[in-house]
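Protein chains in written order, with my numbering: chain A, 1 to 298; chain B, 1001 to 1213. Built from N, CA and C at the ideal position, the CB exists for glycine as well. As the structure is a computational prediction, the values presented were derived from the model and not from experiment.
This is the structure:
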């Protein structure tokens, strides 16, 4: 026991001030937040460092001339254009489908809701090749005695063939991207207070008007996030595209299949250059979409 | 006139049965009762946000029990106000009028009049995020009243306000009662508020709706 502790509560003989006043001021603990930031920063940086190292390795492996050579190939330029087009179409379609589905799942409890909620996640958990195979089977399954096929009907009657053409690329991308968009939109609507929609209904709105005039304007930021996630997901799609759309150069080749095709013919430099091109595309598009989202909601 | 005839209301795990009430046209009724006794559920049932398992709800002679909320001609101010985050004050006041396809001139005129009555003319272009409690309350009142509903339902409108703002709002509610003559049902816990505003008083206690005075 220290001298100070033994005198706690007793008046100091010289000043008359209780000695505990002095001792407690000496015992104030100054705790630092540095360990917190070190631990949190250290753990977080593992992932960031991994991504930076991956991109750095790609950059170190390739050169500007490899990049120029790869981009000058007409096949790769065509793949770039098709990638931009299909990713954008798939992302827009995903948001269009995900917004009403996300709203219904968030706001209403109805029979079969649990099953629908589970079905939404199937494309996320399904192996990509299985998804592609399922799409292929869906379009080519003979139905009934006449052997009616969806693909044959689309090609001969509607005049819009899908399999092994660019619509197959969009459909393969959409099948996975939409699942992510739905999850994003469910969370978005979960975070929007439904009371405002209730009050709007007392003011004269139908449910549709309450959705369009009150819920949807509040969901814009979530829709931008869903669009971003869908676009990024569609860019990275490979397995279902390979099975359902094929990898025909200048026709159904997107950049993810370009990497595969270049690798398969031993063109590692071109494959890495295209990979870096995809990284840059993703970075620029995500940046634009996020700025747009911030601008719309500010 | 608001009429409740042997109404059953349900929320969560509890139900209250045989609730009856009659508020004459132009009357200001105050409903009191303990927290959680079902006052808000009753209000939500009247404005159509909750369906009732049995009983009838009338406005005048019309049975509105199965009417959708938007067709009941009821102005509702919930306790949490539930203002629309993407609209400014002027758009809040114009909201119900736009739904009724009122002309732009009339919308401008009516919103201006309502803003003057409520003392929020200077706030018309403001977003709702920066409004004080009293200002938000006035906006919610204006939004509910601008389409001239037959009935006004107020769920503890003054409970979250400081004393001076509460006094101001109480004066405003008295003025609205006199100028609009709208039939009102007002939920409160405050006896002084009830004494100042009520023509008739109800109390919801132990699942029974009592007419106090």
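Residue 199 of chain A at chain B interface by Cβ criterion, 8 Å: In the first chain, residue 199 of chain A corresponds to position 199, counting from 1. Chain B contact via Cβ: present.
Any C-beta of chain B under 8 Å from that of residue 203 of chain A: For the purposes of this step, residue 203 of chain A is identified with residue 203 of the first chain, where counting begins at 1. For residue 203 of chain A, the answer is yes, since a Cβ of chain B falls inside 8 Å of its Cβ.
Any non-hydrogen atom of the ligand GTP within 7 Å of residue 31 of chain A CB: Here there are no bound small molecules, and the ligand GTP is not part of this structure.
Runs of beta strand (DSSP E) lying entirely within the segment 151-181 of chain A, each at least 3 residues, in chain order: none
Chain A contact for residue 1080 of chain B (CB, 8 Å cutoff): Within the second chain, numbered from 1, the residue matching residue 1080 of chain B stands at position 80. Yes, residue 1080 of chain B counts as interfacial toward chain A.
Buried/exposed call for residue 142 of chain A, threshold 16 Cβ in 10 Å: Working through the first chain from its first residue, we reach residue 142 of chain A at position 142. Looking at its Cβ environment, which holds fewer than 16 other Cβ atoms inside 10 Å, residue 142 of chain A is exposed.
Cβ distance (whole Å) where residue 1187 of chain B is taken to contact residue 1168 of chain B below 8 Å: Translated into positions along the second chain, residue 1187 of chain B becomes position 187. Translated into positions along the second chain, residue 1168 of chain B becomes position 168. At roughly 20 Å, the Cβ-Cβ gap does not stay under 8 Å, so residue 1187 of chain B and residue 1168 of chain B are not in contact.
Outcome for residue 35 of chain A when other beta-carbon atoms lying within 10 angstroms are tallied against a minimum of 16: Walking along the first chain from the start, residue 35 of chain A turns up at place 35. It is exposed - the Cβ of residue 35 of chain A has fewer than 16 other Cβ atoms within 10 Å.
Beta carbon proximity, residue 1047 of chain B to chain A, threshold 8 Å: Position 47 of the second chain, counted from the first residue, corresponds to residue 1047 of chain B. Cβ-Cβ to chain A under 8 Å: yes for residue 1047 of chain B.
Below-8 Å beta-carbon distance, residue 1085 of chain B vs any chain A residue: As a first step, residue 1085 of chain B is located in the second chain; it is residue number 85 there, counting from the start. Chain A contact via Cβ: present.
Where residue 8 of chain A falls: helix, strand or coil (DSSP): If you number the first chain from 1, residue 8 of chain A lands on position 8. Confidence at residue 8 of chain A is low in this model, with a pLDDT of 44, below 50, so the placement of that residue is unreliable and no value is reported for it.
Contact set for residue 238 of chain A: own chain, Cβ-Cβ below 6 Å, skip 5 residues either direction: One-based indexing of the first chain puts residue 238 of chain A at position 238. 256.
Outcome for residue 65 of chain A when other beta-carbon atoms lying within 10 angstroms are tallied against a minimum of 16: Within the first chain, numbered from 1, the residue matching residue 65 of chain A stands at position 65. With fewer than 16 other Cβ atoms within 10 Å, it is exposed.
Residue 223 of chain A versus residue 1194 of chain B - alpha carbon distance: By 1-based counting over the first chain, the position of residue 223 of chain A is 223. By 1-based counting over the second chain, the position of residue 1194 of chain B is 194. The alpha-carbon atoms of residue 223 of chain A and residue 1194 of chain B are separated by roughly 46 Å.
Given 8 Å, three or more beta-carbon pairs between the segment 1038-1050 of chain B and the segment 1106-1120 of chain B: no
Members of the segment 1044-1072 of chain B near chain A, C-beta cut-off 9 Å: 1044, 1047, 1048, 1049, 1068, 1069, 1070, 1071, 1072
Whole-angstrom distance between residue 219 of chain A and residue 1128 of chain B, CA atom to CA atom: Numbered from 1 along the second chain, position 128 holds the residue referred to as residue 1128 of chain B. Numbered from 1 along the first chain, position 219 holds the residue referred to as residue 219 of chain A. Going from the Cα of residue 1128 of chain B to the Cα of residue 219 of chain A covers about 17 Å.
Which of helix, strand or coil DSSP assigns to residue 956 of chain B: Outside the shown range of chain B (1001 to 1213) lies residue 956 of chain B, about which nothing can therefore be said.
Residue closest to residue 165 of chain A, alpha-carbon to alpha-carbon, out of A/268, A/248, A/140: Here residue 165 of chain A refers to the residue found at position 165 of the first chain. The shortest Cα separation from residue 165 of chain A among A/268, A/248, A/140 belongs to A/248.
Identified DSSP bridge partners for residue 1202 of chain B: The residue given as residue 1202 of chain B occupies position 202 in the second chain. Beta-bridge pairing links residue 1202 of chain B to B/1031, B/1211.
Contact set for residue 1161 of chain B: own chain, Cβ-Cβ below 8 Å, skip 5 residues either direction: Counting from 1 along the second chain, the entry for residue 1161 of chain B is found at position 161. These residues qualify, in order along the chain: 1133, 1134, 1137, 1169.
Distance CB(residue 1206 of chain B)-CB(residue 1027 of chain B) smaller than 8 Å: Reading the second chain from its first residue, position 206 is the one you call residue 1206 of chain B. Reading the second chain from its first residue, position 27 is the one you call residue 1027 of chain B. Contact: no.
Any 3 or more C-beta pairs closer than 8 Å across the segment 167-178 of chain A and the segment 224-237 of chain A: yes
Proximity winner among A/49, A/84, A/162, A/47, relative to residue 307 of chain A (alpha-carbon distances): Nothing in the structure corresponds to residue 307 of chain A, since chain A is present only between 1 and 298.
Environment of residue 90 of chain A [buried if 16+ CB atoms lie within 10 Å]: Residue numbering aside, residue 90 of chain A sits at position 90 when the first chain is read from its first letter. Answer is buried; the Cβ neighbour count reaches 16.
Option nearest residue 1091 of chain B by Cα separation, candidates B/1126, B/1100, B/1049, B/1080: Your numbering for residue 1091 of chain B matches position 91 in the second chain. Selected option, being the one with the closest Cα: B/1126.
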